[in-house]
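Engineer: Its first residue numbered 49, the sequence shown is counted upward by one per residue in this note's numbering.
A virtual CB, placed ideally from N, CA and C, is assigned to each residue, including glycine.
Quick one: the structure is below, questions incoming.
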Amino acid sequence: MSETPPPSRASALRRRWLDRALESAGIDPAEWQPDRGVDVNRRTIERVYAYYGGLYLADARLEWAGMANLIGPSFYAGFQDVGLLPDIVRRLVGAARRVLGAVAKRLRRRGAAEEPAVGELGYFETTFLTMQRKIFEDQALMHEAYVREGIDAIRALATAAIVDSTTLRAWEQIDRGDASAVHGGNRVLLYREQHDIIDRFYVDMRRRRPPVGRIFTYLLTLAGSPAIPGAKSYPTVFPLEARFPVTRGRRLAFRTPLAAGNLALFANRWKLIEDDTFPVYRQLLDRRADEVRHLVELPLAERTARFRLFRRAGTIALAALVRWRLGIESAPAPARLAEVDLRRPPDDEHTCVWGDLRRRPFRFSVLLPDERVFSVEAEVASRFGSQLSVKLPLTDLGGTRAVLTDYAREWRLDEDEVAEWTRRAAVTSTADHAYSTRVFRAPPIGFVRFEVQVEHHVEQSGYVADVLFSWPPG
Numbered sequence: 049m050s051e052t053p054p055p056s057r058a059s060a061l062r063r064r065w066l067d068r069a070l071e072s073a074g075i076d077p078a079e080w081q082p083d084r085g086v087d088v089n090r091r092t093i094e095r096v097y098a099y100y101g102g103l104y105l106a107d108a109r110l111e112w113a114g115m116a117n118l119i120g121p122s123f124y125a126g127f128q129d130v131g132l133l134p135d136i137v138r139r140l141v142g143a144a145r146r147v148l149g150a151v152a153k154r155l156r157r158r159g160a161a162e163e164p165a166v167g168e169l170g171y172f173e174t175t176f177l178t179m180q181r182k183i184f185e186d187q188a189l190m191h192e193a194y195v196r197e198g199i200d201a202i203r204a205l206a207t208a209a210i211v212d213s214t215t216l217r218a219w220e221q222i223d224r225g226d227a228s229a230v231h232g233g234n235r236v237l238l239y240r241e242q243h244d245i246i247d248r249f250y251v252d253m254r255r256r257r258p259p260v261g262r263i264f265t266y267l268l269t270l271a272g273s274p275a276i277p278g279a280k281s282y283p284t285v286f287p288l289e290a291r292f293p294v295t296r297g298r299r300l301a302f303r304t305p306l307a308a309g310n311l312a313l314f315a316n317r318w319k320l321i322e323d324d325t326f327p328v329y330r331q332l333l334d335r336r337a338d339e340v341r342h343l344v345e346l347p348l349a350e351r352t353a354r355f356r357l358f359r360r361a362g363t364i365a366l367a368a369l370v371r372w373r374l375g376i377e378s379a380p381a382p383a384r385l386a387e388v389d390l391r392r393p394p395d396d397e398h399t400c401v402w403g404d405l406r407r408r409p410f411r412f413s414v415l416l417p418d419e420r421v422f423s424v425e426a427e428v429a430s431r432f433g434s435q436l437s438v439k440l441p442l443t444d445l446g447g448t449r450a451v452l453t454d455y456a457r458e459w460r461l462d463e464d465e466v467a468e469w470t471r472r473a474a475v476t477s478t479a480d481h482a483y484s485t486r487v488f489r490a491p492p493i494g495f496v497r498f499e500v501q502v503e504h505h506v507e508q509s510g511y512v513a514d515v516l517f518s519w520p521p522g
């Protein structure tokens, strides 16, 4: 039996700041049990959003935290709607366990008694609650470090390979304090949340027992309503249209109240954030900051009721009747090739996402300085500002080590660091944390930084590697 290695500097640092964040939020990690549903976790859910709100109220530069608090009612209402029936079943099972006494031994294993009864809604409920915890373990850790010890604490996280260089640069932008830099830095944190932390869970939900997952996530896309004042729903911004060619370069578009996409797909989700949610939030901060502070100061439960599905049923039904349109539009440009040229510094910082709708791996290549080429079977790739991220398919520890070992040989990652991390990851349990990241750095390739960030989803024993290319912003 192998001995458990002593805590590394990175794990000790992660533990320190996560414990501080939990303490600041008033959360007992032993009572944070996503698998038990909304009812059991209600107090914790509310304290998570209150913590984010407190961060923003104390320092208005922490815009990610303010946005998380503002949009909290949408998610809390969704948690409650999805968890309504599963939580009733859990209460009934608990009551039966207490009343039946000896017979309750058959119900000892909560999962065995509840899972068949709560059904698919129970799975989606606990997945959303798990996502909330993963976000907290990543973002609260960084925020707590920053508010306690400033930018030097974030630099220490980067030195310990807990965060990548783009995330460090984002915090340096936030620390700088001017509005444009602050907005840009918080946008990177939002991207990290959506792309690095929770994308895997959206993918799993969409794939759940076909066609259940696709139906559920599409209905979620149709019914979702952002709690940020002025922000629009997905079908409002990207309605489903039937298109018919009319002339060269022109086509007839028949618009419906349905959604032309699915929020479980990163490309669709991020498009909504980029085109509507985040710009609307920025305008609120710039023009109506007092209103933002007032909303953040209100208790979460007080803001949630109007976002419950039964309260919005009439609005949803009305939209289904009146949002039909007919018009003429230009034909789209040809699809982009799955290749990025980084042989010279890019002269723009646009956002671009490559991926297969069914999340099937596809060949993706990056042309680099010195005539080098990176090529891999990717699950999704995205260029965001001055960073390109290439996400590899989910795998286990053995598969992750094989990838890192290959990259150590070809791109000169530190082989000793890979071996040491693998040894520690093998004995990590949920008693330590539910989510963590580890960054491995290669020597620069010309002006391009090359990093591999491994995201460890502890409960699922799953690992996702993101190959990160970044360069100085223009």
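1) With L445 and T470 assumed to form a contact (beta carbons below 8 Å), what rounded beta-carbon distance in angstroms separates them?
2) Cα separation between D454 and Y97?
3) Our contact map puts S273 next to S122 with C-beta atoms below 8 Å; I'd like the distance itself, whole angstroms only.
4) Assign W372 to one of two classes, buried (16 or more other C-beta atoms within 10 Å of its C-beta) or exposed (fewer than that).
5) Can you tell which of Y171, H398 and H504 has its C-alpha closest to the C-alpha of G261?
6) Just to confirm, is the Cβ distance from L189 to L66 under 8 Å?
7) Less than 8 Å separating the beta-carbons of I210 and L61?
8) Quick check: the stretch 452–466 against the stretch 479–491, are at least 3 beta-carbon pairs closer than 8 Å?
9) State the DSSP-derived secondary structure class of I210, mapped to helix, strand or coil.
10) How about A368 and R359: are their beta carbons less than 8 Å apart?
11) For W402, which of helix, strand or coil comes out of DSSP?
12) By DSSP, does K439 sit in helix, in strand, or in coil?
13) Starting from G524, trace the beta strand (DSSP E) in both directions and tell me its first and last residue.
14) Taking the alpha helix (DSSP H) that A279 belongs to, which residues open and close that run?
15) Just to confirm the assignment, what range does the beta strand (DSSP E) spanning R248 have?
16) Got a sec? Which residues, its chain only, sit under 7 Å from Q128 by beta carbon, not counting five neighbours each side?
17) With burial defined as no fewer than 16 other Cβ atoms inside 10 Å of the residue's Cβ, what is the status of Q331: buried or exposed?
18) At the level of alpha carbons, what is the spacing between R57 and A208?
19) What does the alpha-carbon distance come out to for the pair D212 and E499?
20) When burial is assigned at 16 or more other CB atoms within 10 Å of the CB, is S423 buried or exposed?
21) Can you tell me which of the three DSSP states R196 falls into?
22) What is the DSSP secondary structure of S430, reduced to helix, strand or coil?
23) Do three or more CB pairs link the stretch 292–309 to the stretch 236–252 at distances below 8 Å?
24) At what residues does the alpha helix (DSSP H) containing T453 begin and finish?
Structural biologist: Taking the geometry as given:
1) 7 Å
2) 41 Å
3) 6 Å
4) Exposed, because fewer than 16 other Cβ atoms sit within 10 Å of the Cβ of W372.
5) Ranking the options by Cα distance to G261, first place goes to Y171.
6) yes
7) yes
8) yes
9) coil
10) Here A368 is not near R359, since their CB atoms are 8 Å or more apart.
11) W402: strand per DSSP, three-state reduction.
12) In the structure shown, K439 sits in a strand (DSSP, three-state: E or B).
13) Here the chain has residues from 49 to 522 only, and residue 524 is not among them.
14) Looking at the DSSP string, A279 is not in any alpha helix (DSSP H), and its letter there is neither H nor E.
15) Per DSSP, R248 belongs to no beta strand (DSSP E); it is in the alpha helix (DSSP H), D247 to R255.
16) V86 and R356
17) exposed
18) 7 Å
19) 7 Å
20) exposed
21) helix
22) strand
23) no
24) L445 to W459
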